[in-house]
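In the numbering used here, the protein residues as written are 59 to 189.
Right under this line is the structure:
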């Protein structure tokens, strides 16, 4: 992964990395448990249905709620404990190739203008793989 830009840096994955991560996503999805309230996943009622449910709970004088809090999901992903994440996934993933790729994803490196950095916590930016 390479980070570019000074003011608002962007993350760039190579096409080979993107393809490998898509393969990882497709193979992990059926193996890992998903909470029924996890709306962003396909088939879990996310997007427009989430907005409709939120409106129903907050609109009008008889609504049970008058306001909602927005959470900092980026801050959440930036603080994931890598070791603990792998420990939680270990019981579901038995394929050595899949496990190796997952470890590489979790312990990713960032190239900051020639300086290689491996973050101690957090998950990589710019990847649609939510573990």
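For every residue, glycine included, the Cβ atom is placed at its ideal position computed from N, Cα and C. Remember, it's a predicted structure, so these values are computed and weren't measured experimentally.
May I ask you to report which of helix, strand or coil DSSP gives residue 173? When secondary structure is reduced to three states using DSSP, residue 173 falls in the strand class.
Can at least three beta-carbon pairs, one atom from the stretch 128-145 and one from the stretch 157-164, be found at a separation below 8 Å? Short answer: they touch.
Residue 168 - partner residues in DSSP beta bridges: Under DSSP, residue 168 shares a beta bridge with 175.
Closer than 6 Å by C-beta to residue 175: which residues in its own chain qualify, once you throw out the five before and the five after it? Chain order, please. Around residue 175, the same chain offers 168 as residues with beta carbons nearer than 6 Å, after the five sequence neighbours per side are excluded.
What do you get for residue 90, buried or exposed, if any count of 16 or more other CB atoms within 10 angstroms of its CB means buried? With fewer than 16 Cβ atoms within 10 Å of its Cβ, residue 90 is classed as exposed.
From this set, 70, 78, 88 and 177, which residue's C-alpha is nearest residue 151's C-alpha? Cα-wise, what sits closest to residue 151 is 88.
Mark residue 99 as exposed unless 16 or more other C-beta atoms lie within 10 angstroms of its C-beta, in which case mark it buried. Around the C-beta of residue 99, fewer than 16 other C-beta atoms lie within 10 Å, and the residue is accordingly described as exposed.
What's the call for residue 122, buried or exposed, on a 16-neighbour Cβ count within 10 Å? Flag for residue 122 reads exposed.
Could you check what DSSP says for residue 147 in three-state terms: helix, strand or coil? Residue state, collapsed to three classes: helix.
Which of helix, strand or coil does DSSP assign to residue 121? DSSP places residue 121 in the coil class of the three-state scheme, outside both helix and strand.
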